[in-house]
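A short worksheet on the structure shown next.
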Amino acid sequence: MSLIPTLAETVSRARSDLRMGLPVMIGGHLVAAVETLAPARLEDIRALGRPVLALTERRAETLKARAYDDGLARVIVPPDADRAWLRALADPSGDLMTPMKGPLFTEREGDATPHLAGLALAKSAQLLPAVLVVATAPLPGLTQLAPGPLLARLAHEAAMAPVAAANLPLLAAERSRLHIFRPDDGSAEHYAIEIGDPPRDAPVLARLHSACFTGDVLGSLKCDCGPQLHAALAAMGQAGQGVLLYLNQEGRGIGLANKMRAYALQNQGFDTVQANHRLGFEDDERDFRIGAALLRRMGFSSARLMTNNPRKVAMLEGHGITVTERVPLVVGRNRFNEAYLDTKAEKSGHLL
Ligand SMILES: Nc1nc2c(ncn2[C@@H]2O[C@H](COP(=O)(O)OP(=O)(O)OP(=O)(O)O)[C@@H](O)[C@H]2O)c(=O)[nH]1
Ligand SMILES: [Zn+2]
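Rendered as structure tokens:
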């Protein structure tokens with residue numbers, strides 16, 4: 005029956021539910037995102053049983069909570085804990101002002117797969133990775149998922165469908181076309197700017213650019229994204245051909261709201277990597293397969309890749325695109341972003 009939602013559709017729906025503040029059911033557990041949890045719902049969740057707060061191991065490290073499970077900690081929620089308590093554990097913005105949140109006790113018995121799946125879903129919804137979990141019978145109207153299939157689906161590589169394309173003359177290159185691609189998992193659309201008419205049987209000059217609203221649009225000096233975007237387009241314009249993929253992976257995949265949380269932590273003195281960790285994220289949460297999938301979808305099999313990030317090269321090579329050359333793209337260093345660029349070189353292996 006084609007009118008029953010597929011697993012991919014149900015996962016996409018569950019992602020929107022969490023963003024709206026509606027809990028979902030994952031394998032006999034009710035799961036709610038702390039970031040969007042309304043006070044009345046917290047009361048009702050408590051009435052169901054003893055909830056635990058699932059946090060990533062990264063966040064647990066900062067909070068000095070023991071993580072008995074691989075990748076996560078299940079913090080026991082005390083009976084008098086309110087929404088502010090949950091928020092303070094989920095959101096590191098107040099860590100320096102109120103460092104003492106414990107003692108925190110964590111669970112070590114039982115299956116943590118629903119908790120792990122809930123955290124992965126919260127991350128894919130670009131919410132703070134912190135979810136309240138309580139065992140309960142299924143509640144009517146809530147989206148239901150089994151933890152194993154949910155985790156598998158979230159790790160699945162999305163297929164990209166071309167949606168629309170049109171000529172778009174640019175300052176950097178008058179012969180340009182903008183293509184829109186839509187993933188089949190309900191996540192954000194990605195764009196390809198094709199300059200000239202690059203032959204499909206030769207290595208294409210390519211750039212995989214991750215969205216940076218602050219750098220690309222506002223001209224922020226905190227990163228090098230704006231200058232990299234324009235330098236890449238200019239180089240392709242000069243060469244008369246190339247492909248720039250504009251991937252909607254704002255903030256290395258954590259979304260703009262979380263990126264601003266990371267910036268606020270950087271204002272407190274943490275570097276870009278530490279800030280991600282304190283929020284409960286890995287340094288880089290991007291799905292690097294998307295770039296390869298888009299290049300393949302456009303008919304390319306090899307590229308001269310404009311990047312300083314060796315992981316991008318390795319990812320393309322691992323997913324069907326031969327990188328014949330890495331073309332460095334070192335532009336836009338200034339006194340506001342030099343520490344950021346140095347951190348990326350020291351901690352993330354970027355080549356400067
Ligand atoms: N989380 C987080 N993301 C950031 C920060 N500064 C910039 N970004 C994001 O980092 C990404 C940079 O993307 P790219 O320039 O394509 O990638 P890169 O890994 O730097 O590699 P190359 O530029 O190709 O060398 C964008 O998604 C920005 O939004 C930060 O301090 N924290
Ligand atoms: Zn940027």
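Going by the working numbering, the first residue of the sequence shown is number 5, and it counts up by one from there.
Idealized CB from N, CA, C, for every residue including glycine.
Three-state class that DSSP yields for residue i in the structure shown
i      : result
VAL198 : Checking the displayed sequence, the identity of residue 198 turns out to be Glu instead of Val. Strand, per DSSP.
ALA139 : strand
SER214 : strand
ASP4   : Outside the displayed range of the chain (5 to 356) lies residue 4, so it cannot be described from this structure.
GLU294 : Checking the displayed sequence, the identity of residue 294 turns out to be Ile instead of Glu. In this structure, ILE294 counts as helix in the three-state DSSP scheme.
ILE80  : strand
THR326 : strand
HIS183 : strand
ALA279 : helix
VAL247 : strand
ASP171 : What sits at residue 171 in the sequence shown is Asn, not Asp. If DSSP states are grouped into helix, strand and coil, ASN171 belongs with the strands.
LEU123 : helix
MET164 : strand
GLN148 : strand
ALA134 : strand
HIS354 : coil
MET5   : coil
VAL334 : coil
MET29  : strand
MET240 : helix
ALA156 : helix
LEU67  : helix
ARG54  : coil
THR10  : coil
MET302 : coil
LEU59  : strand
ALA129 : coil
ARG339 : coil
LEU260 : helix
ARG308 : strand
ALA42  : coil
ALA318 : helix
LEU222 : coil
ALA235 : helix
ALA349 : helix
ALA177 : coil
ALA36  : strand
Nearest neighbour of residue i, chosen from the options [CA to CA]
i      : options                           : result
ALA141 : TYR344, ALA243, LEU52 and GLY244  : LEU52
PRO144 : ASP86, ARG337 and VAL28           : VAL28
MET164 : THR10, VAL334, LEU333 and LEU299  : LEU299
ASP43  : ARG315, VAL79 and ARG91           : The question names Asp, yet the displayed sequence has Pro at residue 43. Answer by Cα proximity: ARG91.
LEU76  : HIS281, HIS194 and LEU175         : HIS281
ASP95  : GLN148, LEU131, LYS68 and GLY122  : LEU131
VAL167 : MET302, ALA261 and VAL135         : MET302
HIS194 : LEU345, GLY31, ILE294 and GLY32   : ILE294
LEU233 : VAL38, GLY244, SER214 and PRO82   : SER214
PHE304 : LEU248, SER352, LEU333 and GLU342 : LEU248
ILE49  : GLU39, VAL35 and THR40            : VAL35
ASN271 : GLY98, SER352 and ALA126          : GLY98
ILE199 : THR14, ILE30 and GLY246           : GLY246
LEU251 : GLY106, ASP291 and PHE285         : ASP291
MET24  : SER352, LEU182 and ALA126         : ALA126
LEU283 : GLY114, LEU93 and THR326          : LEU93
PRO153 : THR10, PHE109 and GLU350          : THR10
LEU333 : HIS354, GLU342 and TYR344         : HIS354
TYR267 : GLU289, CYS227 and ALA243         : CYS227
LEU79  : HIS33, ARG179, VAL135 and THR40   : The identity of residue 79 in the sequence shown is Val, whereas the question assumes Leu. Closest option to VAL79, Cα to Cα, is VAL135.
ASP115 : CYS216, ALA129, PRO103 and GLY31  : GLY31
ARG54  : ALA121, HIS323 and GLU111         : GLU111
ALA236 : ARG308, VAL15 and ALA121          : ARG308
Closer than 7 Å: residue i CB and nearest ligand 4 heavy atom
i      : result
GLY257 : For the structure depicted, ligand 4 is absent and the ligand set comprises only ligand 1 and ligand 2.
Exercise for review: Kindly provide the chain-ordered list of residues whose Cβ lies closer than 5 Å to any non-hydrogen atom of ligand 2.
Suggested key: CYS216, GLY219, CYS227 and CYS229
Practice item. Say whether the segment 251–258 touches the segment 85–96, bearing in mind that this needs 3 or more beta-carbon pairs closer than 8 Å, one atom from each stretch. Key: no
Point to revise | Cβ pair count under 8 Å reaching 3, the segment 205–214 against the segment 268–287 | key: no
Exercise for review: Tell me, please, whether the segment 146–162 touches the segment 56–67 by the rule of three or more beta-carbon pairs shorter than 8 Å.
Suggested key: no
Review point. Touching or not, the segment 259–267 and the segment 167–176, by the rule of three or more beta carbon pairs under 8 Å?
Key: no
Practice item. May I ask you to verify whether the segment 180–196 touches the segment 15–24, counting CB pairs closer than 8 Å and requiring at least 3? Key: yes
Point to revise | Minimum length 4: unbroken alpha helix (DSSP H) runs contained in the segment 84–124 | key: 87–94
Check your understanding: Should the segment 225–239 be regarded as contacting the segment 324–341, the criterion being three or more beta carbon pairs within less than 8 Å?
Key -> yes
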